[in-house]
Structures are given as C-alpha cells and as structure tokens.
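Enquirer: This is the structure, below, for whatever I ask next.
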C-alpha cells in the first residue's frame, strides 16, 4: 500500500490519490461517463484558442446547470503532490433531487495529470480544504504533534506557530537522515532499516515521528 506521504532528501511528496480520497466521496459513475465523453468531443480539436481541461470541465458544468463559484477552479502542481491535479467544484441546484452519496449537493470534477476526468461527491465541510495541498501532520509517541507545509513554521493543534530553526536548530532541516539507516551504513548495526532513508524526529523528545496527512473534516455520505 502506498504511503500518503513519502520523505526524501530535504523535501516530501504527498500521494495525490490519498489527498483526493480525504476530500471526495462516492464516484458519480453516470456523471463521469458524460463528462469524459464531453471533454473528448472532437469539436474542441478545432476550437481556437484551445480550451484546457479546466475550461472544458467548467463548460460541462454550465451545460448541465451546475454553478461553479468564484475560486471553484483549483490547480495544484507537482511541487508537493506526486501528480498534478485539476479540480472544478460545482454545486447541484437545490431543485435537482439529491443523488446518493452527495451529502451537500456538491460535486468535485477531478483530472489527475491531465487525464480524463471523473466526478465525485465533494465531502469537505469547507471548500478551503481543497486549497491546501502542502500540509503534512507530524506526531510522536510522546504526544507531540504539529502540522507543516514545508515552509519556515510548524503549527500546533491550537494554531500556535514556531519557527523551524527554533525547534531544530539554525540551518537544520525538519527532514533528516534516518538514524537506523545511518547506523547500518556506518557499520554500527547489521540490521538493515526498511525505510527509504529519511525521517522526521520530534524536536521535543527525539522520538521518530509518524508522518501522514492532516485530518480533513467531512460530511457523512447518505
């Protein structure tokens, strides 16, 4: 099973599918088939200027009477995600009967790496959760926990922020070489560590941290 977050030398990557799974609900099979047929329509081949995937998804929403609000088109590159993703957030009008698995009449149209898009129920309690594609959660067995977006600050659950250099030392990185891997490489142990070679160690107690995705509040599907 692919881990939601993988650590590398000085950076991390978030598995795009895991990130999407936190935010999406039921796959809307019929809508997806309609959307895929629409975006591949050959009329777009001769259209100038050409329409990118986001524009085609928006046009499909307009054709079906599904409003896309301001900020409803979101694109995340591969800076922190394993694959870039394009999302269009649309609303199903109140007069349209609610569909199974669509908890708040909201849809998310998703294209990964420019591929043919799919339609899912949008389960997020706030569209703002779609904007964050960089945050990861760090926690240790000692009860210390932070979120980090790869920048200069770590954030605690109550919103307090602390500069990385204050916690880890000046010019130090949050991500460091795995101590067990180092011991094996240096001949200090014959036990090979199965990890990729990098880890985060708690700045408060030195324990190895679990690295995963922060929780995203969602509506329950009907």
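Residue numbers (our numbering): 63 to 284.
Virtual Cβ for every residue (Gly too), placed ideally from N, Cα, C.
Being a predicted model, the structure only gives us computed values, none of them experimental.
(1) Return helix, strand or coil for residue 275, following the three-state DSSP convention.
(2) In terms of alpha-carbon separation, which member of 129, 188, 73, 74 lies closest to residue 281?
(3) I need the straight-line Cα distance from residue 232 to residue 196, nearest angstrom please.
(4) Using the beta-carbon count (16 or more within 10 Å), is residue 105 buried or exposed?
(5) Quick one: what's residue 181 bridged to in DSSP?
(6) For residue 128, count neighbouring C-beta atoms within 10 Å of its own C-beta (all shown protein chains included) and say buried if the count is 16 or more, exposed if not.
(7) Using the Cα positions of residue 115 and residue 71, report the straight-line distance between them to the nearest angstrom.
(8) On a Cα-Cα basis, can you pick out the residue from 68, 170, 179, 229 that is closest to residue 134?
(9) Rounded to whole angstroms, what's the CA-CA distance from residue 207 to residue 228? Just pull it up for me.
(10) Does residue 200 come out as helix, strand or coil in the three-state DSSP assignment?
(11) Tell me, please, which residues DSSP counts as bridged to residue 138.
(12) Please report the residue range of the alpha helix (DSSP H) in which residue 241 lies.
(13) Residue 186 bridges to which residues according to DSSP?
(14) Taking only the alpha-carbon atoms, compute the straight-line gap between residue 242 and residue 182 and give it to the nearest angstrom.
(15) How about residue 204 and residue 264: are their beta carbons less than 8 Å apart?
(16) In whole angstroms, give me the CA-to-CA distance for residue 113 and residue 173.
(17) Could you name the residues of the same chain whose beta carbon sits closer than 7 Å to that of residue 267, not counting the 5 residues immediately before and after it, in chain order?
(18) Residue 93 lies in the alpha helix (DSSP H); which residues open and close that run?
Expert: Taking the definition as stated:
(1) As a first step, residue 275 must be located in the chain shown, where it is residue number 213. Note: residue 275 maps to coil in three-state DSSP.
(2) As a working mapping, residue 281 is identified with position 219 in the chain shown. Out of 129, 188, 73, 74, 188 has the C-alpha closest to the C-alpha of residue 281.
(3) Taking the chain shown and counting its residues from 1, one reaches residue 232 at position 170. Taking the chain shown and counting its residues from 1, one reaches residue 196 at position 134. Straight-line Cα distance between these residues: approximately 23 Å.
(4) To locate residue 105, count along the chain shown from 1; it is residue 43. The residue in question, residue 105, is exposed, as its Cβ has fewer than 16 Cβ neighbours within 10 Å.
(5) On the chain shown, position 119 is the one that residue 181 refers to. BP columns for residue 181 point to 171.
(6) Translated into positions along the chain shown, residue 128 becomes position 66. Under this definition residue 128 is a buried residue.
(7) Here residue 115 refers to the residue found at position 53 of the chain shown. Here residue 71 refers to the residue found at position 9 of the chain shown. Rounded to the nearest angstrom, the two C-alpha atoms are 33 Å apart.
(8) Walking along the chain shown from the start, residue 134 turns up at place 72. The shortest C-alpha separation from residue 134 is found at 170.
(9) To locate residue 207, count along the chain shown from 1; it is residue 145. To locate residue 228, count along the chain shown from 1; it is residue 166. So the two alpha carbons sit approximately 16 Å from each other.
(10) Position 138 of the chain shown holds residue 200. It is a strand residue.
(11) Within the chain shown, numbered from 1, the residue matching residue 138 stands at position 76. Note: residue 138 sits in a beta bridge opposite 147.
(12) The sequence position of residue 241 within the chain shown is 179, counting from 1. Residues 241 to 247.
(13) As a first step, residue 186 must be located in the chain shown, where it is residue number 124. Bridge partners of residue 186: 280.
(14) Taking the chain shown and counting its residues from 1, one reaches residue 242 at position 180. Taking the chain shown and counting its residues from 1, one reaches residue 182 at position 120. For residue 242 and residue 182, the distance between alpha carbons rounds to 42 Å.
(15) In the chain shown, residue 204 corresponds to position 142, counting from 1. In the chain shown, residue 264 corresponds to position 202, counting from 1. Yes, these two residues count as a Cβ contact at 8 Å.
(16) Working through the chain shown from its first residue, we reach residue 113 at position 51. Working through the chain shown from its first residue, we reach residue 173 at position 111. Approximately 14 Å, taken between the alpha carbons.
(17) For the purposes of this step, residue 267 is taken as the residue at position 205 of the chain shown. Same-chain partners within the cutoff: 202, 204, 206.
(18) The count along the chain shown starts at 1 and reaches residue 93 at position 31. Taken as a continuous stretch (DSSP letters only), the alpha helix (DSSP H) holding residue 93 covers 91 to 101.
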